[in-house]
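The letter at position 194 of the sequence shown is residue 195 when you use the numbering used here, and the numbering goes up by one with no holes.
Structure, as C-alpha cells:
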Amino acid sequence: MISQNIPKLLQSVSRIMRNSPQQPRFDSNYKATAKKLSISLIGGVMVALGTSAAAQAATFVSTNDGKIGKIDPITGAFTQVASGNVAFTDIAIADNGKLYGINFSDLYEVDLNTGVYSHIGLFARDNDQRMNALTFANGTLYGAKGDRLYSFNLQTGAATPTIPTPGFNSSGDLIFDAANNRFLAISKGGMNGSDRLYSIDITNSTYLVLGDLGFKDVFGLTFENGNLFGYTKDRQQISINPVNGEGTFVRNITGTNAEIWGATFQPDPKPDRGKSVPEPSTVLGLLGVAGIGLSSRLKRKNPQITFVSRKNRR
C-alpha cells in the first residue's frame, strides 16, 4: 500500500533537493526555499494519503463480551476496534461511515476512530420482545424482533413498527438486498435445528421462505462485494446462496473466543465522496512537481546557478 511507503517517498523528496542545483555551497536562499517546498510537498502527500485511511472496505462483527472487531478478508482474523460495557445483538453501518449498535432495548452510536460507545436512546421495555437484527435500507435504519420490522429515529433511538411479517420470527440478522428491493432475514425453524433464510418484500411486507441454511445460530449477515455471507455464534463464516438459502462453510474466525452476535460490511466509499485512494502516479506526480518547482524557484532567486541533467551525469 502507498501508506506503507511514506519513508521512501520522503527519501525521494530529499534526493530531489540534493540533486537539483549544483553549486559549491548552499546559500541561505536555497536552504529556505528548499525547506518551504519540501514542507509543502510532504503536507500534500500526507493529505492525499490521509484521505484513504478510512476508505477501505471492511467487515465488522460484534461479540457477546462487548467488543467490535474487524475481520481480515484473507485470514479471517478478528482485530478489536472498539469495546464497551454493552454487548450488541447486532450492528449496522450507514453510508456516511457511522456505525450503530443495539442491545435488546437501546440504540447506540460507535465511533470507530476512538472506540467509544455513545448511548442514543431507549426503544424497548423489559417486557418487550427483544430486538436482535439491524440494517440500513435507503438511508433508514431498520431492526427486527419477533414478527415485525421497525424503523429507528437516529436522534432519539425510538423504534416505530413498520413492516408486519406474521409467521416470521426474527432470530439472527437482517440485511437489505438493494438489487431486489427486499430484506433477507434469519429465522429458526429449519430441518435438524438449522436456521432459515427468508425474503421480505420492503413494499408490501410479504415474505418467502428461501431455504434452510444448514447451520444454526447464524447471528450475522453481510453483503460483501455482492456476495452474501453469514456469521454463526460459534465464529464460523459461511457463504449463502441468496436464491435457495443454502450455506457453505468458508472459514473459522480467529482472534476471539467470544460469541459473534452481529455483523455489518462497509464497502469502499463511492468516488463522489472524495475519499478515493491516490494512485502511485499521483504521488509520484507530486514529487515531480516539487522538483520542477524547486528548480524554477531557485533559478529566479539565483540566476548564476548551473543545472546538470541527471540523465547525462555518469
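Note that the Cβ used here is the ideal one computed from N, Cα and C, for glycine as well.
In this text the structure is predicted, and so the values were computed from the model without any measurement.
Worksheet item: Mind checking residue 287: buried by the 16 CB within 10 Å criterion, or exposed?
Response: Only weak support exists for where residue 287 lies, its pLDDT of 45 falling under 50; the value from the coordinates is given anyway. Its Cβ being crowded by 16 or more others within 10 Å, residue 287 is buried.
Discussion item. Could you compute how far the alpha carbon of residue 163 sits from the alpha carbon of residue 150?
Written reply: 6 angstroms
Discussion item. Excluding the 5 residues flanking residue 198 on each side, which residues of the same chain have their C-beta closer than 7 angstroms to its C-beta?
Written reply: 185, 187, 211, 212, 214, 241, 246
Fill in: beta strand (DSSP E) runs wholly inside the region 55-142, at least 3 long, in chain order
59-64, 68-72, 79-84, 91-94, 100-103, 107-112, 117-123, 134-138
Worksheet item: For residue 219, which residues does DSSP report across the bridge?
Response: 233
Worksheet item: Which stretch, first to last residue, makes up the beta strand (DSSP E) that contains residue 251?
Response: 248-253
Worksheet item: Can you tell me whether residue 235 is buried or exposed, with buried defined as 16 or more other CB within 10 angstroms of its CB?
Response: exposed
Worksheet item: In whole angstroms, what separates the C-alpha of residue 244 from that of residue 218?
Response: 20 angstroms
Practice prompt. Can you grab the Cα-Cα spacing for the pair residue 87 / residue 202, in whole Å?
Written response: 32 angstroms
Worksheet item: Between which two residues does the beta strand (DSSP E) carrying residue 200 extend?
Response: 197-202
Discussion item. Spatial neighbours of residue 96 within its chain, please: C-beta separation below 8 angstroms, excluding the five flanking residues on both sides.
Written reply: 137, 140
Worksheet item: Is the beta carbon of residue 103 less than 8 angstroms from the beta carbon of residue 123?
Response: no
Fill in: Endpoints, the beta strand (DSSP E) within which residue 267 is located
261-267
Item to complete: Sort out for me which residues DSSP pairs residue 224 with in a bridge.
Response: 229
Practice prompt. Tell me residue 186's beta-bridge partners as DSSP assigns them.
Written response: 175, 199
Item to complete: Mind checking who residue 209 pairs with in its DSSP beta bridge?
Response: 200
Fill in: Run of the beta strand (DSSP E) containing residue 169, from where it starts to where it stops
Premise fails: residue 169 is in no beta strand (DSSP E) and is neither H nor E.
Fill in: Local Cβ density within 10 Å of residue 281, reported as buried at 16 or more and exposed below that
Caution is warranted here: a pLDDT of 45 is assigned to residue 281, below 50, making its placement in the model unreliable, and no coordinate value can be reported.
Worksheet item: What residue from 85, 142, 249, 147 has the CA that sits closest to residue 120's CA?
Response: 85
Practice prompt. Name the residue from 76, 59, 89, 65 whose alpha carbon lies nearest to the alpha carbon of residue 260.
Written response: 65
Worksheet item: Is residue 161 helix, strand or coil when you go by DSSP?
Response: strand
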